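Student:
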Amino acid sequence: MELISRMIQNTRNRLENHAGRPFLIWGYTTVGIALLNYWFNIAGCHPAWSFTWFLIPIIGCLLMRLFPDKKPTEPRTEIDRIVGKVWLVSSLSLIPIFLFSLFHGLSYRHSLFGLITLAMATATATTGMIVRSKIYIVAGLTCMALSVLFPLYDYFLKKIATSDGIEITAGLLNNEILIFAGVFFIMMVVPGHIINYQSHKRCSRN
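In our numbering, the protein residues as written are 544 to 749.
#1: Jot down the residue ranges of each uninterrupted beta strand (DSSP E) in the segment 561-648, minimum 3 residues, whole runs only, in chain order.
#2: Helix, strand or coil: which one does DSSP assign to Ser654?
#3: Give the straight-line distance between the Cα atoms of Phe727 and Thr705, rounded to the nearest whole angstrom.
#4: Does the distance from the C-beta atom of Ala664 to that of Gly683 stay below 7 Å?
#5: Quick check on the DSSP output: the alpha helix (DSSP H) that includes Val681 runs from which residue to which?
#6: Report buried or exposed for Leu635, applying the criterion of at least 16 other Cβ atoms within 10 angstroms of its Cβ.
#7: Excluding sequence positions up to five away, which residues of its chain have a Cβ less than 8 Å from the Cβ of Val629?
#8: Go ahead and label Gly587 buried or exposed: buried means 16 or more other beta carbons lie within 10 angstroms of its beta carbon, across all protein chains shown.
#9: Please state whether the Cβ-Cβ distance between Leu692 and Ile722 is less than 7 Å.
#10: May I ask which residues mark the beginning and end of the alpha helix (DSSP H) holding Ile703?
#11: Distance check for His589 and His743, CA to CA, integer angstroms please.
#12: Can you grab the Cα-Cα spacing for the pair Leu689 / Arg608, in whole Å?
#13: For Ile737, which of Asn717, Tyr679, Phe597 has the nearest alpha-carbon?
#14: Should Glu719 be labelled buried (16 or more other beta-carbon atoms within 10 Å of its own) or exposed?
#15: With a CB to CB cut of under 7 Å and the five nearest residues on each side skipped, what residues in its chain are close to Thr595?
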């Protein structure tokens, strides 16, 4: 038990000292591409510009390569590998989610945003529970709850369309992108800055 506790503590220290960078890179990349697509839609650009969503993994991986983190002095533990597998499986789950939306059209777009948010929030919360980090747990569980906003917003649009006779415009549908960007900001950007702040604070004390 002491060995397991030490491995968990080492992984927790490593994540709290070095995880701010990947969270900020992937968080800002996702939010930036989401806002870019929102602008494309309200500007009436060609639908082909929607393929810029696929720039998220490309830009994210490129930035991770361009701005590598310092190698930790502690050796990698089994807990590190478990956390890595959690994120690998969660990332791979996005492939069938994308295919699901692609084959069913834009009518399932709310499901796409909601499922992506749920998958990433679950990985964040699971990471927090494995390494006992409140930052990851709170961010993950909060955004798991916020993933419900997408079906709720879809229900709201259908309700006003049927009861009030309001036409569902592209502008109303595009608000889902803003919700998506906001949730990812809460899930990755905010924790990333908190982790970096705490890490810099610990370094300054030492």
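Positions of the beta carbon are idealized from the N, C-alpha and C atoms, including for glycine. All values derive from a computational prediction rather than experimental measurement.
Tutor: So, to answer that:
#1: none
#2: Taking the first residue of the sequence shown as 1, we reach residue 654 at position 111. Here Ser654 sits in helix by DSSP.
#3: Taking the first residue of the sequence shown as 1, we reach residue 727 at position 184. Taking the first residue of the sequence shown as 1, we reach residue 705 at position 162. About 31 Å.
#4: Here residue 664 corresponds to residue number 121 of the sequence shown, with the count starting at 1. Here residue 683 corresponds to residue number 140 of the sequence shown, with the count starting at 1. Yes. Within cutoff.
#5: Counting from one through the sequence shown, the residue named residue 681 turns up at place 138. Segment 677-689, the alpha helix (DSSP H) holding Val681.
#6: Stepping through the sequence shown from its first residue, residue 635 is reached at position 92. Exposed, since its Cβ has fewer than 16 Cβ neighbours within 10 Å.
#7: Locating residue 629 in the sequence shown gives position 86, counting from the first residue. For Val629, where only same-chain residues beyond five positions count, the Cβ hits under 8 Å are Ala666, Thr669, Thr670, Ile673.
#8: The residue you call residue 587 lines up with position 44 of the sequence shown. Label assigned to Gly587: exposed.
#9: Here the question's residue 692 lines up with position 149 in the sequence shown. Here the question's residue 722 lines up with position 179 in the sequence shown. The answer is yes: Cβ separation under 7 Å.
#10: Taking the sequence shown and counting its residues from 1, one reaches residue 703 at position 160. Looking at the DSSP string, the run of the alpha helix (DSSP H) that includes Ile703 is 692-706.
#11: Mapped onto the sequence shown, residue 743 falls at position 200. Mapped onto the sequence shown, residue 589 falls at position 46. Cα to Cα, the separation comes out at about 44 Å.
#12: Within the sequence shown, residue 689 is the residue found at index 146, counting from 1. Within the sequence shown, residue 608 is the residue found at index 65, counting from 1. If you take the alpha carbons of Leu689 and Arg608, they lie about 31 Å apart.
#13: Locating residue 737 in the sequence shown gives position 194, counting from the first residue. Residue Tyr679 is the option with its Cα nearest to Ile737.
#14: Taking the first residue of the sequence shown as position 1, residue 719 is located at position 176. Label assigned to Glu719: buried.
#15: Working through the sequence shown from its first residue, we reach residue 595 at position 52. Around Thr595: Ile576, Leu579, Asn580.
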